[in-house]
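Enquirer: Dumping the structure here so I can ask a few things about it.
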Amino acid sequence: MSTLIIAIMVPFIAAAMIPFLYKKIVKLHIGWFAMLVSTILFIYLARFIPSIARGETFAHTINWMPSYGINFAAYLDGLSLILALLITGVGSLVILYSIFYLSSKESLGHFYTYLMLFMGAMLGVVMSDNMMVMYVFWELTSISSFLLIAFWYQRKRSREGAKKSLLITVSGGIAMLVGFIMIYVMTGTWSIREVIAGAGGFASHHLFIPAMLLLLLGAFTKSAQFPFHIWLPDAMEAPTPVSAYLHSATMVKAGIYLVARFTPVFGGEAIWFWLVTGVGLVTLFWGSFHAVRQKDLKALLAYSTVSQLGMIMSMFGMGSAALYFGYSTESVVYTQATFAALFHLVNHSTFKGALFMVIGIVDHEVGTRDIRRLGGLATLMPFTFTIAMIGSFSMAGLPPFNGFLSKEMFFTAALTIHEAGIFSLDAWGTLIPIIAWVASIFTFVYSMIIVFKTFLGPYQEEKLEHPAKEPPVGMLIAPGILALAVVGIFFFPNLLGDYLLTPAMAGIFPSFATEGLGVSIYAWHGFNREIWMTIGVVVAGILLYRFRTYWMGIYKIFDDKWSFNSLYSYVISFMEESSTTFTNSYMTGYLRDYMVYIYLFFIVAIGGTIIYTGTYAFDISGNAPITEFEWILTFVMMIAGISILFAKSRLTAILLNSILGYGVAAFFVLFRAPDLALTQTVVETVTTVLFLVAYYFLPEWQKEDVPRKSRNVNLIISVSVGVIFTVIALAVQNGKLFESISSYFEDSYKLAGGNNIVNSILGDFRALDTMLEVVVLLIAGIGVYTFIRLKAKKEDEHIENQ
Amino acid sequence: MKINNVILRTVSKVVVFIILTLAIYLFLSGHHSPGGGFIGGLVMASALVLLFIVYDIETVQKAIPVDFKKIAAFGALLAVGTAFGSIFFDVPFLTQSFAYFDLPFFGKTELTTVTIFEAGVALVVVGVVVTIILSISEDV
Amino acid sequence: METLITILAGVLVTVATYLILSRSLIRVILGTAILSHAAHLLIMTMGGGLKIGSVPILGEGNGTFVDALPQALILTSIVISFAVTAVALVLAYRTYQETGTDKLDELRGMKHE
């Protein structure tokens with residue numbers, strides 16, 4: 100099935116095409132193209148449903164770095180399919196919505212490029228079998244999310260939100276990479292399927308627990324789990340379609356996907372169980388608790404997303420307990436938690452997607468999302484109100500909406516697990532249903548706030564930017580479809596369960612028999628504890644909502660000064676300040692200082708090595724004899740070189756330099772290098788002319804007026820550099836390690852048809868060097884010409900300074 | 056820059072041609088005796104630089120109306136083109152070839168692709184050196 | 118001979134280093150030019166023995182040639198260092214034209230505490 104890999108690549112190709120299409124096609128909104136791509140992918144993936152439901156899986160591999168075991172391996176099973184369908188399905192709806200949401204004045208080319216980039220990366224995450232490839236896609240989702248949050252980059256808050264989300268998710272991603280590498284060390288394979296197949300075989304390895312913790316760190320940061328949830332509310336600065344798509348339906352589910360994917364490997368461990376369940380429950384409570392206090396509807400939804408993600412996460416944790424018992428008819432009951440998690444994963448995407456779009460509509464139509472300014476919109480925006488009500492009531496867990504079903508199953512799971520009697524659940528297990536219940540009350544309260552504060556109550560037009568009216572029909576289609584799905588799933592839950600959720604369960608519990616994993620979902624299961632809990636939630640929720648003003652004071656305890664947000668800002672600003680101070684302390688901007696660093700390193704590292712290893716050798720026995728003329732030439736050059744330091748005028752300095760150049764040329768003659776001697780003579784002439792011409796324009800040669808101290812330092816450094824240079828050169832001459840390759844070139848007449856060996860080397864044997872050298876020379880020429888000819892004009896400077 | 060020196064002018068009129076002849080000789084003989092593209096190009100460039108120093112730039116440019124930047128670019132094209140040319144003959148990049156021909160007047164002569172390559176090198180050297188010197192001295 | 122040339126190169130490196138560490142831009146450029154002279158001399162000594170054999174042109178001498186490889190390397194290097202010197206000179210010249218100074222400590226381009 101090579102089409103799987105093509106399916107991952109298609110969004111990337113589309114992303115590459117969009118900028119061009121955007122320029123070419125002016126009349127049509129570019130979003131339609133993106134929507135076409137995503138719909139085709141959805142239909143393509145949906146065609147896998149029947150075969151996946153039969154228990155088939157699909158895999159295809161393209162070799163990338165086979166010697167390292169890193170290959171582009173696409174793998175589609177039930178779990179991947181659920182997420183892939185969400186990515187493409189919700190993606191299509193969001194794009195449809197965005198076509199009407201974003202005005203054509205925005206830089207839509209960028210927007211849809213990023214969106215397609217994200218879609219491809221996300222498909223890559225859920226469909227990769229190779230951990231390395233998955234990591235690449237994982238970080239790519241973070242990067243595209245960064246770009247999308249900062250879409251309105253003119254706003255400071257957008258930039259900061261984008262930076263925050265990038266920092267947190269990418270650092271989590273790097274932790275995950277380290278975890279992956281540890282898994283590779285333990286198992287010797289990058290393939291997730293092979294790791295799962297060998298699960299249990301390496302549980303006693305000393306890297307097992309670190310790998311698990313690092314993996315969870317990646318999952319928790321990505322899925323905005325406590326205390327890493329702080330990036331998600333700030334990410335709401337993104338355009339609403341992005342929030343609906345990335346930050347509620349898909350990207351934040353990547354962490355959950357990772358936990359689900361690796362449950363067969365790590366599930367059944369007490370640490371895994373408590374971390375995933377515990378962090379999930381704390382997030383569930385913390386998110387719902389803080390959602391109630393929010394005044395901005397989008398921030399409220401952000402906290403609610405955090406909370407719902409925590410709920411899904413905790414259910415995956417509870418479900419993993421089943422692996423502790425191994426497969427038996429009794430232990431299957433615990434897998435229901437995982438089933439509920441998958442079910443809620445889908446449900447959450449539907450109702451939260453709809454709610455985000457509704458809030459977007461409200462924002463778009465009346466120009467504010469502040470619940471203190473909103474109210475009474477129900478009569479003016481009836482369709483929007485209906486969709487909002489469906490979404491909110493589903494989120495609150497009321498029938499007849501799909502949220503009711505998954506919430507009931509969540510209660511069942513919480514009640515079942517606390518009686519499991521493992522992992523010291525006897526002591527702490529009671530807390531699980533209690534936290535679940537309390538958090539559900541807060542969930543109920545904020546769901547009510549969305550409906551009642553926005554759509555009921557007095558309508559205050561003077562507080563709104565625009566008078567309220569229904570949005571264009573196009574904007575209502577996408578949330579409408581999602582609202583229909585919310586109701587539809589309630590009435591036909593088993594359609595979803597049998598075709599999508601049960602096959603996904605097989606991926607999470609490969610050692611379990613498939614028949615036992617399916618759960619029939621019932622809306623009504625008698626007057627049991629779950630239904631009493633729900634009734635309790637509704638009653639307590641209504642009471643809390645009515646008497647909100649009396650207890651809102653407790654939020655004062657959670658002062659902003661002590662939040663994780665301020666910790667984050669403190670750490671970031673501290674790091675920025677201290678690194679600036681540190682960098683400024685040695686980056687002086689003065690060339691001499693940098694050269695001093697380089698030379699000091701040279702002296703310490705090379706000189707130290709020579710002294711430490713004792714490799715200096717000195718032997719003049721193999722030397723060629725020296726004639727008198729050569730002595731004289733050497734001393735003339737030495738004197739000329741040293742006198743440059745004391746030259747009074749620039750002309751003297753240039754002429755002394757020429758003496759050095761011609762002296763070198765003379766040595767070339769003595770060393771039987773006619774080509775070199777010729778070249779050096781001519782080059783020296785041209786260089787001297789060049790120096791003279793340039794110095795004609797340069798300031799007068801002045802005496803060095805640097806402090807005596809730094810002059811002494813310079814002197815010590817230069818002498819040490821010269822000495823070390825000489826010592827190394829002498830040591831190298833006396834320690835020839837292998838035969839010279841030069842004799843090969845003496846065949847030049849036979850090999851290159853030339854008698855001049857040097858010229859044959861340049862023109863034939865090493866012609867690549869010469870060719871590139873010519874190019875360098877040309878670049879230098881162009882550089883000089885450009886330096887001189889293209890001077891910044893006054894108005895150009897003005898542009899630069901903007 | 057204009058130097059009004061009669062002796063220098065008179066001498067250089069003759070000398071420039073000697074230098075140019077030497078340059079061409081060095082370039083052509085490079086394959087078998089000292090010389091080659093670099094040296095040939097440099098000597099030619101120094102001849103031109105001598106002209107620029109002795110006469111003023113406008114006069115020389117009127118006499119030799121060429122854009123030296125283009126010469127440099129053409130040279131680079133020639134050198135890189137020779138390199139790529141070998142690909143079309145299905146041999147590795149930059150492979151040079153040579154053969155012997157019986158030409159009238161010259162007798163048995165060796166013709167080689169290295170000469171084209173070296174010509175490119177020489178042209179780049181001439182073009183770049185003259186461009187550099189001209190750019191600096193023109194900019195007052 | 119090799120030792121003498123190496124010591125000469127060492128002296129030139131010392132001079133070049135001192136010039137490179139100085140304040141004035143034109144001294145630094147002169148320093149780099151001297152550094153390349155020193156490097157050429159050094160490469161020369163690294164061959165298979167100085168003055169042993171005849172010029173590396175077939176048909177000259179009695180069949181032994183001096184090492185041709187360092188010569189080819191130096192030939193390349195000479196032209197490149199010419200180009201580098203030219204660019205550096207023009208850079209210095211333009212810097213002076215724009216800023217009116219060739220003192221490197223005045224050319225920091227940022228406020229330094």
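Residue numbers (our numbering), protein chains in the order written: chain A, 100 to 901; chain B, 56 to 195; chain C, 118 to 230.
Ideal placement from N, C-alpha and C gives every residue a C-beta, glycine not left out.
1) When you compare the CB of T186 of chain B with every CB in chain A, is at least one pair closer than 8 Å?
2) Are the C-beta of A203 of chain C and some C-beta of chain F separated by less than 8 Å?
3) Given a cut-off of 8 Å, decide if V857 of chain A and A189 of chain C are closer than it, judged by their beta-carbon atoms.
4) Taking T428 of chain A as part of the alpha helix (DSSP H), name the residues at either end of that continuous run.
5) Could you give the DSSP three-state label for S523 of chain A: helix, strand or coil?
6) Going by other Cβ atoms of all chains shown within 10 Å of its Cβ, with 16 needed for buried, is Q559 of chain A buried or exposed?
7) If the criterion is Cβ atoms closer than 8 Å, does the pair L207 of chain A and I129 of chain A meet it?
8) At the level of alpha carbons, what is the spacing between A453 of chain A and A577 of chain A?
9) List the DSSP bridge partners of L166 of chain B.
10) Using a C-beta cutoff of 8 Å, does E230 of chain C count as contacting chain A?
11) Between the alpha carbons of E177 of chain C and G85 of chain B, how many angstroms are there, rounded?
12) Since F199 of chain A is in the alpha helix (DSSP H), which residue starts that stretch and which ends it?
13) At a Cβ cut of 8 Å, what residues of the stretch 165-186 of chain B count as close to chain A, listed as they run along the chain?
14) Compare the Cα-Cα distances from S171 of chain C to each of A:F608, A:P773, A:V235 and A:A477 and report the closest residue.
15) Can you give the Cα-Cα distance for M161 of chain C and G127 of chain C, rounded to whole angstroms?
16) Which residues, in order along the stretch 846-860 of chain A, keep a beta-carbon less than 9 Å from a beta-carbon of chain C?
17) With contact counted as at least three CB pairs below 8 Å, one residue from each stretch, are the stretch 354-367 of chain A and the stretch 411-424 of chain A in contact?
18) Take the Cβ of F156 of chain B as the centre, count every other Cβ of all protein chains shown within 10 Å, and call the residue buried at 16 or more, exposed below.
19) Work out the CA separation of S678 of chain A and V351 of chain A for me, nearest whole Å.
20) At the level of alpha carbons, what is the spacing between E230 of chain C and A205 of chain C?
21) Do A390 of chain A and F541 of chain A have their C-beta atoms closer together than 8 Å?
22) Report the CB separation of I702 of chain A from I823 of chain A in whole angstroms; it is logged as a contact under 8 Å.
23) Would you call the CB atoms of L201 of chain A and P338 of chain A closer than 8 Å?
24) Ordered along the chain, which non-local residues of its own chain (more than five positions away) have a Cβ less than 6 Å from that of T320 of chain A?
25) With a cut-off of 8 Å, do at least 3 Cβ pairs link the stretch 229-240 of chain A to the stretch 121-136 of chain A?
26) Chain C partners of A704 of chain A, CB-CB under 8 Å?
27) Measure from the C-beta of F93 of chain B to each C-beta in chain C and report whether the shortest distance is under 8 Å.
28) Using the Cβ count rule (16 or more neighbours within 10 Å means buried), how would you classify E629 of chain A?
29) Given a threshold of 16 other Cβ atoms within 10 Å of its Cβ, counted over all protein chains shown, does Q801 of chain A qualify as buried or as exposed?
30) Between the Cα of Y344 of chain A and those of A:G459, A:V431 and A:A603, spot the shortest distance and give me the residue it belongs to.
31) At which residues does the beta strand (DSSP E) containing W163 of chain A begin and terminate?
32) Does any CB atom of chain C fall closer than 8 Å to the CB of I191 of chain B?
33) To the nearest angstrom, report how far apart S322 of chain A and A348 of chain A are at their CA atoms.
34) Could you tell me the distance, in whole angstroms, from the CA atom of V71 of chain B to the CA atom of I108 of chain B?
35) Got a sec, what are the start and stop residues for the alpha helix (DSSP H) D774 of chain A sits in?
36) Extract the residue ranges of the beta strand (DSSP E) inside the stretch 145-170 of chain C, only unbroken runs of 3 or more that lie entirely within it.
Expert: Result, derived from the coordinates:
1) At least one chain A Cβ lies under 8 Å of T186 of chain B.
2) Protein chains A, B and C are contained in the structure displayed, whereas chain F is not.
3) Their beta carbons are under 8 Å apart, which means A189 of chain C touches V857 of chain A by this criterion.
4) Here T428 of chain A belongs to no alpha helix (DSSP H), and DSSP marks it neither H nor E.
5) In the three-state DSSP reduction, S523 of chain A falls in the coil class, being neither helix nor strand.
6) Counting Cβ neighbours within 10 Å, Q559 of chain A comes out exposed, since fewer than 16 surround it.
7) Cβ atoms of L207 of chain A and I129 of chain A: closer than 8 Å.
8) C-alpha separation (whole angstroms): 8 Å.
9) In the DSSP output, where bridge partners are listed per residue, L166 of chain B has B:A154.
10) A caution first: E230 of chain C carries a pLDDT of 42, below 50, which makes its placement in the model too unreliable to give a value.
11) In a straight line, the C-alpha of E177 of chain C is about 15 Å away from that of G85 of chain B.
12) Per DSSP, F199 of chain A belongs to the alpha helix (DSSP H) from G177 to Y200.
13) Taking 8 Å as the Cβ-Cβ cut-off against chain A, the residues of the stretch 165-186 of chain B that qualify are E165, T167, V169, F172, E173, G175, V176, V179, V180, G182, V183, V184 and T186.
14) For S171 of chain C, the nearest C-alpha among the options comes from A:P773.
15) Between M161 of chain C and G127 of chain C, the C-alpha separation is close to 14 Å.
16) Taking 9 Å as the Cβ-Cβ cut-off against chain C, the residues of the stretch 846-860 of chain A that qualify are S847, Y848, G853, N854, N855, I856, V857, N858, S859 and I860.
17) Judged by Cβ distances under 8 Å, the stretch 354-367 of chain A makes contact with the stretch 411-424 of chain A, as three or more pairs qualify.
18) Counting Cβ neighbours within 10 Å, F156 of chain B comes out exposed, since fewer than 16 surround it.
19) Their Cα atoms are separated by approximately 32 Å.
20) Note on E230 of chain C: pLDDT 42, under 50, position unreliable in the model; the coordinate value appears next. Separation of E230 of chain C and A205 of chain C (C-alpha to C-alpha, rounded to the nearest whole angstrom) is 29 Å.
21) For A390 of chain A and F541 of chain A, yes; Cβs fall inside 8 Å.
22) Between I702 of chain A and I823 of chain A a beta carbon distance of about 6 Å is seen, short of the 8 Å cut, so the two are scored as contacting.
23) Yes, Cβ-Cβ distance for L201 of chain A and P338 of chain A is below 8 Å.
24) I267, T268, G271 and F327.
25) Contact annotation: the stretch 229-240 of chain A does not touch the stretch 121-136 of chain A, with fewer than three C-beta pairs closer than 8 Å.
26) Near A704 of chain A there are no residues of chain C at all, since even the closest Cβ is about 16 Å away, more than 8 Å.
27) Under the Cβ distance rule, F93 of chain B counts among the residues neighbouring chain C, one pair being separated by less than 8 Å.
28) Note on E629 of chain A: 16 or more other CB atoms within 10 angstroms of its CB, so buried under the neighbour-count rule.
29) The residue in question, Q801 of chain A, is exposed, as its Cβ has fewer than 16 Cβ neighbours within 10 Å.
30) Out of A:G459, A:V431 and A:A603, A:G459 has the C-alpha closest to the C-alpha of Y344 of chain A.
31) Run containing W163 of chain A: F157 to M164, per the beta strand (DSSP E) assignment.
32) By this cut-off, I191 of chain B is an interface position.
33) Going by the C-alpha atoms only, they are around 11 Å apart.
34) Spanning the two alpha carbons is a distance of roughly 12 Å.
35) Residues P773 to F796.
36) None, since the stretch 145-170 of chain C contains no complete beta strand (DSSP E) of that length.
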